[in-house]
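Participant: If you want this note's numbering, it's the position in the sequence shown, counting the first as 1, plus 1478.
By construction, the Cβ of each residue, glycine as well, lies at the ideal position given by its N, Cα and C atoms.
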Amino acid sequence: MNQTPGVNVVGTRATGSYPTACVCWNCHKQVVTRVEKKNGLLTWLICGGTCLVGCFFGCCLIPFCVDACKDTVHICPNCSTVLGEEKYRQLSQITIAHRVCGLIVCFWAVVNCPYLIYYTHIQSSSVENQITCSTTNNAFLQYVNYVSAISLGRIMPLIIMGIFGFLSHKNIQRLSHRTLPIIRRELDKQLTVMIFTQAIVACLIISPYIVLYFVMMTPNLDSNTLTQLKFVSSLCSAIYYLYFSSPFYIYFCSSSRFRRQLKYVVFDIYVRQCRPQQVHPNQVDPQIS
1479 MNQTPGVNVV GTRATGSYPT ACVCWNCHKQ VVTRVEKKNG LLTWLICGGT CLVGCFFGCC
1539 LIPFCVDACK DTVHICPNCS TVLGEEKYRQ LSQITIAHRV CGLIVCFWAV VNCPYLIYYT
1599 HIQSSSVENQ ITCSTTNNAF LQYVNYVSAI SLGRIMPLII MGIFGFLSHK NIQRLSHRTL
1659 PIIRRELDKQ LTVMIFTQAI VACLIISPYI VLYFVMMTPN LDSNTLTQLK FVSSLCSAIY
1719 YLYFSSPFYI YFCSSSRFRR QLKYVVFDIY VRQCRPQQVH PNQVDPQIS
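(1) Could you tell me which of His1599, Ser1724, Cys1752, Tyr1691 sits nearest to Ile1678, measuring between CA atoms?
(2) DSSP three-state label for Ser1734, please.
(3) Do you know offhand how far Ile1717's Cα is from Pro1592's?
(4) Does the segment 1571-1591 come within contact of the segment 1601-1612, defined as at least 3 CB pairs closer than 8 angstroms?
(5) Measuring straight from C-alpha to C-alpha, what distance separates Pro1635 and Ile1628?
(6) Residues in the same chain with beta-carbon distance under 7 angstroms from Ile1633, minus the five sequence neighbours each way, listed in chain order, please.
(7) Report the three-state DSSP secondary structure of Ala1575 (helix, strand or coil).
(8) Straight-line CA distance for Pro1754 to Arg1737?
(9) Look at the alpha carbon of Thr1610 and the alpha carbon of Ala1617, and state the distance between them as a whole number of angstroms.
(10) Taking the beta strand (DSSP E) that Ser1612 falls in, what are its first and last residues?
(11) For the alpha helix (DSSP H) containing Thr1703, name the first residue and the last one.
(12) Would you check if there are 3 or more beta carbon pairs closer than 8 angstroms linking the segment 1689-1696 to the segment 1642-1649?
(13) Nearest to Tyr1719 by CA position, among Thr1598, Leu1581, Ala1680, Thr1670, is which residue?
(14) Which residues does DSSP pair with Gln1601 in a beta bridge?
(15) Would Gln1668 pass as a contact of Arg1735 if the rule is Cβ separation under 8 angstroms?
(16) Can you name, in chain order, every residue of its own chain whose Cβ lies under 8 angstroms from the Cβ of Ser1715, other than the five neighbours on each side?
(17) Can you tell me the Cα-Cα spacing of Leu1630 and Gln1751, whole angstroms?
(18) Apart from the five residues just before and just after Thr1613, which ones in its own chain have a Cβ nearer than 6 angstroms to its Cβ?
(19) Once the 5 residues before and after Asn1615 are set aside, which same chain residues still bring their CB inside 7 angstroms of it?
(20) Provide the residue span of the alpha helix (DSSP H) that contains Gly1631, from first to last.
Following this line, the structure appears as structure tokens:
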């Protein structure tokens, strides 16, 4: 295979009757442009918080699934367009991320609206002159137990993370067989490792809480067993909050680019701004005539 000057190509693969992918400078510029857009989107979403990370997953679901299912990237004979991938990769844009983020906010606002309706002030029966904020609506309690707390709060994130973990594992296995520039291959590898690691951590954190929740819903539990389960539930609840703080440490450990960017932002930008400006005195002796 003849390598085009100025382009670093790693390996090649041909499948069935499809020709081996050829890479030229025009296609190289298109690939680099897409990588820069995706990397900028990733940086913006990581700095945005948990909601924006979920937004990133939603925006990249279609192109990521396409990448995981396809065996190879085919480029047309004139090397100007990427067949079958271009229209899906165009969905990974910052404008679409903004819209999906707005949809996520609206969705959770609708999900949590019943709390504003059914929660009210109730006089405590055990302690005199104590008012608590609770609800007595049985239908709403069933909604909280089975829909809000378990299905949407625990099971849905676990399923989403499991899907992306599986796709990330498939993508890692295929990276060595794809015809890609070296820079894009390294970025894809780092992004894949980040998602795969976060999926594993999420499964380890959320799964015990779900199992314990269904165990506690078992009827006719004696008081001793119920007390022990409540203690374990407190531990699982404390561990569950690691789900929200773990992404930063996962990205820091698995991505060298994230570490360099963090070092640049913390030390090269903010630390320099906090340092007092040093005024160096004039060391030149004036000449007296």
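Facilitator: The answer reads as follows:
(1) Ser1724
(2) helix
(3) Spanning the two alpha carbons is a distance of roughly 27 angstroms.
(4) no
(5) 10 angstroms
(6) Ile1688
(7) helix
(8) 26 angstroms
(9) 20 angstroms
(10) Unbroken beta strand (DSSP E) run through Ser1612: 1609-1612.
(11) 1701-1718
(12) no
(13) Ala1680
(14) Ile1609
(15) The Cβ-Cβ distance between Gln1668 and Arg1735 falls below 8 angstroms.
(16) Tyr1687
(17) 43 angstroms
(18) Residues of the same chain with a CB within less than 6 angstroms of the CB of Thr1613, apart from the 5 flanking positions on each side, are Tyr1596, Tyr1597 in chain order.
(19) Tyr1596
(20) Neither: Gly1631 is in no alpha helix (DSSP H) and is coded neither H nor E.
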